[in-house]
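The structure appears below as structure tokens.
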Amino acid sequence: MYKSFVFFLFTCLFTQGQEKIVSIHVLGIVQDAGAPHIACEKACCSTLFKNSELSPEVVSLGVIDEATQKTFLFEATPDITTQLRALRGKTDFKTNDIPDGIFLTHAHIGHYTGLMYLGKEATNAKAVSVYAMPKMKRFLEENGPWSQLVHNSNIQIEALKNKAEIQLTSALKVIPFTVPHRDEYSETVGYTIIGPQKRILFIPDIDKWEKWKTSIVAEIAKVDYAFLDATFYDAQEINNRAISEIPHPFVIESMELFKNLPKSEKAKVYFLHLNHTNPLLNPNSEESKEVLKKGYHIARKHMRFEL
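Counted the way the numbering used here counts, the sequence shown spans residues 67 to 373.
Below, the structure is given as structure tokens:
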């Protein structure tokens with residue numbers, strides 16, 4: 067009986083040590099057109115053109131639930147091929163590259179065009195769950211070549227509703243919510259990703275914070291990590307387009323808005339969706355050092371967070 071008790075105790079302790087977790091993985095951090103950027107002649111892209119393996123890739127998050135052996139992808143980017151392989155490599159279980167679900171934020175090129183690789187010209191995937199809001203759903207269903215993915219059952223679109231919680235596994239939930247942005251073809255959404263212990267806020271694209279009827283400061287307070295749109299550091303980066311055409315919150319504006327937050331709240335912020343011109347892409351830039359000095363973080367590819 068004593069031996070049985072010792073074996074039981076050892077088994078319990080070993081099982082606790084091997085507790086299955088939910089984890090978030092940063093698979094990309096740059097704006098839709100990527101880095102190197104097409105036709106860019108600037109120094110920011112020259113090294114990347116010579117060695118594309120150094121690319122920070124277009125913004126995307128991967129989620130792994132070890133207990134259920136499921137993976138999920140947030141954003142179907144033009145870099146989806148390497149991003150899905152990277153996500154697969156981070157699992158502790160045997161799987162393939164195709165995730166159990168893909169969540170889309172909106173119909174701008176860096177956020178959904180990776181779906182093309184699920185078609186018959188590539189993987190010819192079978193009914194991959196693609197989560198989309200109503201306008202995004204209609205856009206995919208009614209416009210080629212995306213409609214072909216639906217017709218051929220390469221993808222199965224799962225309808226999302228604003229602020230309606232989706233239970234993906236017993237340990238993983240997602241809440242989509244609309245944000246103001248240039249919605250030519252679809253609405254734009256952010257996500258709250260909820261694990262057993264922690265929450266992540268994911269807003270890769272939004273117009274100026276003041277255009278949102280929701281307080282970003284209040285939303286940061288509800289989560290453990292906040293991945294926020296930081297497309298441009300400041301207006302000086304934009305020298306060939308009217309600023310009104312691309313009204314993202316500048317990093318310097320976000321830091322000004324958050325300046326009175328306690329250190330613990332600032333430390334939740336991870337800036338991402340960086341344009342190829344954004345000096346935050348260079349960890350050694352003075353701008354990167356300034357962001358870190360003020361208590362914020364900059365998302366980098368391969369970062370991992372437990373939920």
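In this text, a Cβ means the ideal position worked out from N, Cα and C, and glycines have one as well.
query                                                                                                                                                  : result
With L327 and W275 assumed to form a contact (beta carbons below 8 Å), what rounded beta-carbon distance in angstroms separates them?                  : Not confirmed; about 13 Å, so no contact.
Please report the residue range of the alpha helix (DSSP H) in which P242 lies.                                                                        : Counting along the chain, P242 falls outside any alpha helix (DSSP H), though it belongs to the beta strand (DSSP E) covering 238-244.
Compute the Euclidean distance between the alpha carbons of K264 and I241, then round it to the nearest angstrom.                                      : 14 Å
Would you mind working out which of F293, Y291, I312 sits nearest A301, comparing C-alpha positions?                                                   : I312
Would you say R265 lies against chain C (beta-carbon separation less than 7 Å)?                                                                        : Given the protein chain composition of this structure (a single chain), no chain C is represented.
Where A188 and T137 are concerned, what is the direct C-alpha to C-alpha distance, given to the nearest angstrom?                                      : 20 Å
Would you mind stating whether E250 and K239 have Cβ atoms separated by less than 7 Å?                                                                 : no
Nearest-angstrom Cα distance between E353 and L226?                                                                                                    : 38 Å
Short check: CB of V216 to CB of E207, under 7 Å?                                                                                                      : yes
So, under 8 Å CB-CB, Q149 and G94 are touching, yes? Tell me the CB distance rounded to an integer number of Å.                                        : 6 Å
Buried or exposed for A142, please, with buried defined as at least 16 other CB atoms from any protein chain shown within 10 angstroms of its CB.      : buried
So, under 8 Å CB-CB, V129 and I164 are touching, yes? Tell me the CB distance rounded to an integer number of Å.                                       : So it is not a contact: roughly 14 Å between Cβ atoms.
Quick check for students: name the residue ranges of the beta strand (DSSP E) that lie wholly in the segment 264-300, counting only runs of 3 or more. : 265-269, 291-295
With distances taken from CA atoms, which of H177, F159, A173 is nearest L127?                                                                         : H177
Going by DSSP, what residue range makes up the alpha helix (DSSP H) through R366?                                                                      : Run containing R366: none; DSSP gives neither H nor E here.
Within its chain, find whatever has a CB closer than 7 Å to the CB of E303; leave out the 5 residues flanking it on each side and keep chain order.    : N341, T343, N344
Just how far apart, CA to CA, sit F76 and F159?                                                                                                        : Low confidence applies here, because F76 scores a pLDDT of 41, under 50, leaving its location unreliable and the question unanswered by this model.
Kindly confirm or deny that the segment 285-299 and the segment 333-340 touch, where touching means at least three C-beta pairs closer than 8 Å.       : yes
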